[in-house]
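Notes for the one structure printed next.
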Amino acid sequence: MEYRIAEEKDLEGLAAAMAKAYAEDPWNEMWTKEKSKRRVNAILGNFEAMGIAAVEDGVIIGGALGYVDPYADEDFFFVSELFVIPERKKQGVGRQIMEKLKTELTQKGIQCIQLISIDYNLEFYKKIGLEKDCVSVMYEHC
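Structure below.
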């Protein structure tokens, strides 16, 4: 297994793995190839964006995608997507992706990671050292 910074050539593999990951419970989302590529492109088009790819036998099986979010006191890294294909979940792949991401961010002087999660994933995030803060996500369908 290889955990590395994603490159432009990884776009389709990241999109395919993300679509496969979100096709299962609790999301049950049916991402088309075009929509998943558009999502990956959108995230990686942000300010100082970066992705980590988990590659096994030449195939991307998971990834983390996000971007730097500058703030007054320090820069944060906002993780927009973290995903692992269903047959490789609960085998340490997500943990290793996040460890690689933390290593890369530390080298850039970024000490804080942020993300939005559904309750289903909170236990995983706690296990890898993330804490829930006091911020609430607000939304409205227009």
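According to the numbering used here, the sequence shown is numbered sequentially starting from 22. We put the CB at the ideal spot given by N, CA and C, even for glycine. All values reported here derive from a predicted model rather than from experimental measurement.
Across the structure, Arg-25 and Glu-161 are spaced so that their CA atoms are roughly 36 Å apart. Less than 8 Å divides the Cβ of Leu-122 from the Cβ of Ile-73. Taken through DSSP and simplified to helix, strand or coil, Ile-139 comes out as coil. Residue burial annotation: Arg-60 is buried, with at least 16 other C-beta atoms found within 10 angstroms of its C-beta. It is roughly 22 Å from the alpha-carbon of Leu-151 to the alpha-carbon of Arg-109. The Cβ-Cβ distance between Gln-135 and Phe-97 falls below 8 Å. Between the region 110-121 and the region 86-93 there are fewer than three C-beta pairs closer than 8 Å, too few to call the two in contact.
In this structure, DSSP gives Phe-99 an extended state, which the three-state scheme calls strand.
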